[in-house]
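Chains as they are written, first to last, in our numbering: chain A, 96 to 243; chain B, 150 to 319. All residues carry an ideal CB built from backbone N, CA and C; glycine is no exception.
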Amino acid sequence: MAAPDEASTLVGRAAAPRLSRVAGPAAVAAAATGVLVLLARVDPSRPGHYPTCPFLFLTGMYCPGCGSLRALHDLTQLDVAGAWGMNPLLVLTLPVVVAAWIGWTVRTARGRPRSLVVPARAINGFLVLVLVFWVARNIPALAPWLAP
Amino acid sequence: MSTPDQPQNPNGDQYPVDPFRKPDETQPPAAPQYGAPQPPSPYGAPQPPQYGAPQYPAPQYGAPQYPAGQYGAPQYGAPQYGGPPPQSYLVWAILVTVFCCLPLGIASIVFASQVNSKFAAGDYAGAAASSQKAKQFAIWGAVAGVVVGIIWGVLVGIGGGMSGSSSSGI
Chain A
96 MAAPDEASTL VGRAAAPRLS RVAGPAAVAA AATGVLVLLA RVDPSRPGHY PTCPFLFLTG
156 MYCPGCGSLR ALHDLTQLDV AGAWGMNPLL VLTLPVVVAA WIGWTVRTAR GRPRSLVVPA
216 RAINGFLVLV LVFWVARNIP ALAPWLAP
Chain B
150 MSTPDQPQNP NGDQYPVDPF RKPDETQPPA APQYGAPQPP SPYGAPQPPQ YGAPQYPAPQ
210 YGAPQYPAGQ YGAPQYGAPQ YGGPPPQSYL VWAILVTVFC CLPLGIASIV FASQVNSKFA
270 AGDYAGAAAS SQKAKQFAIW GAVAGVVVGI IWGVLVGIGG GMSGSSSSGI
């Protein structure tokens, strides 16, 4: 009979403090805060502090992520318009990432398993958005709006 | 959240007009398992259909879809219904795509999509396999980003001229 083991496991899980269960989300939040502090203090618009995008370095074309560090720096200065000008894709996806972190934190704090499944159609739509953005920001006519 | 792309009752129209639909060939004949242990379905998954009962469970979000015409055949050996969906690593894929500047994030998004589409279709093994691939591509993308950063740091430390010639692209 595995009843004693199950009972002890359940007791241990129920007795586990909620703080220890959210250690993962807390670590991610700490790391993100560190990155944001670094980006706020060291401006990525000035060359020499951050790596160059390898895709841009090799091909001379922008990738979907080009400008995201500068956009994050602008957001730390509460300059949403500037961030949008650097990388609108980042401005659009950042709330989703933050919402995912909040959902992860709440779910783990309550000790519940993962139950949300993003529809594949939504993920494919995001994929198309990324690919279209990748191409569009390299078109000179659209560069004033989409290129960093 | 609602599921606009999924019919709320895929069998509602089909069952009454096709009462002689043959059971699936691969399934054993209908055998009501009275008192048999039911697969646990704690997360909103539809209950295994009872013998002869119309199947009117509204498909839950991400729950496996039952094919029409299965008259309560218990699927022993099949994956557990209603278990937590496999991790799609979608957030990691997004982060790699937006911050690491590499197509590996694109590949990870593709596999993240496969995870959820296969899970919604009931292909649990395929969803688990896609989950592993999504994880691997996200890890490779993150590692590649870190390696590029280290190489860049070494080059800047040695030469010191590269940083002045090109601004940060990220």
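Simplified DSSP state of residue i, which is helix, strand or coil
i	result
Pro-208(A)	coil
Arg-170(B)	Low confidence applies to Arg-170(B): its pLDDT is 49, below 50, so where it sits in the model is not reliable, and the reading given next is rough at best. In this structure, Arg-170(B) counts as coil in the three-state DSSP scheme.
Arg-116(A)	helix
Tyr-157(A)	coil
Ser-237(B)	coil
Val-305(B)	helix
Leu-244(B)	helix
Gly-254(B)	helix
Arg-136(A)	helix
Tyr-273(B)	helix
Arg-202(A)	helix
His-144(A)	coil
Asn-219(A)	helix
Leu-237(A)	coil
Gln-285(B)	helix
Gln-172(A)	coil
Arg-165(A)	helix
Gly-232(B)	coil
Asn-265(B)	helix
Gln-209(B)	Annotation note: pLDDT 48 at Gln-209(B) (below 50); position unreliable, no value reported.
Pro-183(A)	helix
Val-230(A)	helix
Pro-149(A)	helix
Pro-177(B)	Its pLDDT being 47, under 50, Pro-177(B) is placed unreliably in this model, and the value from its coordinates should be taken loosely. If DSSP states are grouped into helix, strand and coil, Pro-177(B) belongs with coil.
Ala-291(B)	helix
CB-CB length for residue i against residue j, believed under 8 Å
i	j	result
Ala-194(A)	Asn-182(A)	Not really, about 19 Å apart at Cβ, beyond 8 Å.
Pro-233(B)	Arg-116(A)	So it is not a contact: roughly 16 Å between Cβ atoms.
Ser-257(B)	Asn-219(A)	At roughly 14 Å, the Cβ-Cβ gap does not stay under 8 Å, so Ser-257(B) and Asn-219(A) are not in contact.
Leu-170(A)	Ala-178(A)	5 Å
Ala-274(B)	Val-245(B)	Not confirmed; about 25 Å, so no contact.
Ala-215(A)	Ala-242(B)	The Cβ separation is near 13 Å, so there is no contact.
Thr-203(A)	Gly-119(A)	7 Å
Leu-151(A)	Tyr-157(A)	6 Å
Val-130(A)	Val-240(B)	Contact flag wrong, Cβ pair sits at about 15 Å.
Val-213(A)	Ser-237(B)	7 Å
Ala-293(B)	Cys-249(B)	7 Å
Val-123(A)	Trp-196(A)	7 Å
Test item: CB-CB of residue i and residue j under 7 Å
i	j	result
Val-264(B)	Ala-276(B)	yes
Leu-253(B)	Trp-289(B)	yes
Pro-159(A)	Phe-228(A)	yes
Ala-231(A)	Leu-224(A)	no
Ser-163(A)	Val-295(B)	no
Val-305(B)	Pro-149(A)	no
Pro-239(A)	Cys-161(A)	no
His-168(A)	Leu-134(A)	yes
Closer than 7 Å at the beta carbon, the chain A residues around residue i
i	result
Phe-268(B)	Val-212
Ser-257(B)	Per Cβ cutoff of 7 Å: no residues; Ser-257(B) is ~10 Å from chain A at best.
Leu-239(B)	Val-213 and Ile-218
Chain A residues whose Cβ lies nearer than 9 Å to that of residue i
i	result
Gln-236(B)	Arg-209
Val-292(B)	In chain order: nothing, as chain A lies at least about 13 Å away.
Gly-298(B)	Tyr-145 and Pro-146
Within chain A, partners of residue i - CB distance below 8 Å
i	result
Trp-289(B)	Result: empty, since nearest Cβ-Cβ is about 14 Å, beyond 8 Å.
Ser-262(B)	Ala-215, Ile-218, Asn-219 and Leu-222
Contacts that residue i makes with chain B (C-beta to C-beta distance below 8 Å)
i	result
Val-225(A)	Thr-246, Ile-255 and Ile-258
Pro-235(A)	Within chain B, no residue comes near Pro-235(A); the closest Cβ sits about 17 Å away, beyond 8 Å.
Gly-177(A)	Neighbours of Gly-177(A) on chain B: none; closest Cβ ~15 Å, over 8 Å.
Partners in chain B for residue i, counting only beta-carbon separations shorter than 9 Å
i	result
Val-192(A)	Val-240, Ile-243, Leu-244 and Val-247
Ala-195(A)	Leu-239, Val-240 and Ile-243
Leu-134(A)	What Leu-134(A) touches in chain B: nothing, since even the nearest Cβ is about 11 Å away.
Short CB-CB distance (under 7 Å) between residue i and chain C
i	result
Thr-188(A)	Any reference to chain C falls outside this structure, whose protein chains are A and B.
Within chain B, the residues that residue i reaches when beta carbons sit closer than 7 Å
i	result
Ser-115(A)	In chain order: nothing, as chain B lies at least about 21 Å away.
Gly-206(A)	None at all; the shortest Cβ gap to chain B is about 13 Å.
Checklist entry - Below 8 Å, can you find three or more Cβ-Cβ pairs linking the segment 279-287 of chain B to the segment 230-242 of chain A? => result These segments do not touch.
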